[in-house]
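In the working numbering, the protein residues as written are 132 to 395. Where is the CB? At the ideal position from N, CA and C, for every residue including glycine. Predicted model only: the values in this text are computed from it and were never measured. The structure appears right after this line, and notes come after that.
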Ligand SMILES: N[C@@H](CCC(=O)N[C@@H](CS)C(=O)NCC(=O)O)C(=O)O
């Protein structure tokens, strides 16, 4: 049995079809899905993807050009032009934590009760403040990884021909600089060691439990899992998976996501 019951949230718009009135198929149901505006390598965007999948909400993604952000819809003046932005039922919601709260309010909740809620919240906060900050430093930390990341961004973004060439050529340089900046901001340590220290904390919080708050999946699991998914194609992910308890947890959460994922 999946930990989260499979359900799909779809605003259903019934469109009358020109069919004989006695036909059983009088209407066709068009499913409205959510739209996630994202960058392919943004850990916060992957956090939202994990929540949408675990909750069985069908969604499509729009890759935002990081230079122009022209794909982003018109946002209210108090919303920053950052990804992720989720459009759901005609509403625009920005910021991964705000989006996850919004989904918690409208769908079956993954927020545990009592003390476990404090732990789930703490792990989501850690994901935003520490894990999501350290990951880019790791994946852009070496020239080879930065070049790989630049390729992924160029491939998935809506760049024109010239911008694409610029990103492929100069992207690794920029990303490497970004990695250095992040490292400096966090005390100038080695990014791999910083990530290992963060994963030590996570492993301790997880202990021998199935999920971070015990037997049930929580927002804390979703946040951390989504964030880690972002680096799945990078060598650093292999290092994390050398931790047996973390690897088993990762597979468990992955299974929930895959079981509940809505057909897009
Ligand atoms: N607190 C925000 C952080 C979002 C964020 O920093 N997004 C980055 C991408 S990972 C972004 O859009 N950067 C573009 C910019 O700052 O112009 C969240 O949780 O969603």
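For residue i, the first and last residue of its enclosing beta strand (DSSP E)
i           : result
residue 166 : 165-169
residue 368 : No beta strand (DSSP E) contains residue 368, which is instead part of the alpha helix (DSSP H) from 366-371.
residue 172 : No beta strand (DSSP E) holds residue 172; DSSP gives it neither H nor E.
residue 347 : From DSSP, residue 347 is part of no beta strand (DSSP E); its letter is neither H nor E.
residue 191 : 190-194
residue 216 : 216-219
Contacts around residue i, its chain only, beta-carbon distance under 6 angstroms, and the 5 residues preceding and following it disregarded
i           : result
residue 255 : 350, 351 and 354
residue 152 : Only weak support exists for where residue 152 lies, its pLDDT of 38 falling under 50; the coordinates are left without a value.
residue 174 : 263, 266, 358 and 361
residue 201 : none
residue 287 : 171 and 194
The alpha helix (DSSP H) enclosing residue i, as first and last residue numbers
i           : result
residue 342 : That residue, residue 342, is in no alpha helix (DSSP H); it is neither H nor E in DSSP.
residue 328 : 322-337
residue 234 : 227-237
residue 254 : 246-257
residue 260 : Note, residue 260: premise wrong, no alpha helix (DSSP H); not H, not E.
residue 277 : 274-287
residue 375 : 375-391
Sequence-distant residues of the same chain with beta carbon closer than 8 angstroms to residue i, five excluded per side
i           : result
residue 242 : 235, 248, 251, 349 and 350
residue 240 : none
residue 372 : 378 and 381
residue 155 : Reliability of the predicted coordinates at residue 155 is poor, the pLDDT of 30 falling under 50, and the value obtained from them is presented with this limitation in mind. Nothing listed; no residue qualifies.
residue 368 : 359 and 362
residue 206 : 212, 216, 223 and 225
residue 204 : 168, 216, 218 and 223
Proximity to residue i [Cα-Cα], best of the options
i           : options               : result
residue 231 : 307, 176, 321 and 271 : 176
residue 315 : 293, 192 and 267      : 267
residue 199 : 261, 170, 260 and 237 : 170
residue 359 : 336, 330 and 343      : 330
residue 306 : 293, 206, 284 and 319 : 284
residue 222 : 265, 164 and 393      : 164
residue 259 : 286, 227, 195 and 193 : 227
residue 265 : 313, 383, 338 and 390 : 313
residue 292 : 202, 190, 196 and 333 : 196
residue 273 : 180, 341, 181 and 322 : 322
residue 366 : 344, 257 and 269      : 269
Heavy atom of ligand 1 within 6 angstroms of residue i beta-carbon
i           : result
residue 309 : no
residue 214 : yes
residue 173 : yes
residue 370 : no
residue 252 : no
residue 331 : no
residue 208 : no
residue 314 : no
residue 260 : no
residue 227 : yes
Cβ shell of residue i (< 7 angstroms), same chain only, five flanking positions each side left out
i           : result
residue 309 : 267 and 271
residue 375 : none
Contact with chain C by residue i, beta-carbon distance below 7 angstroms
i           : result
residue 209 : Absence of chain C from the displayed structure is noted, only one protein chain being present.
Taking one C-beta from the segment 271-280 and one from the segment 240-258 each time, how about it: are there three or more such pairs within less than 8 angstroms? no
Is the segment 197-216 touching the segment 323-333 in the sense that three or more CB pairs, one from each, lie closer than 8 angstroms? No, the segment 323-333 does not touch the segment 197-216.
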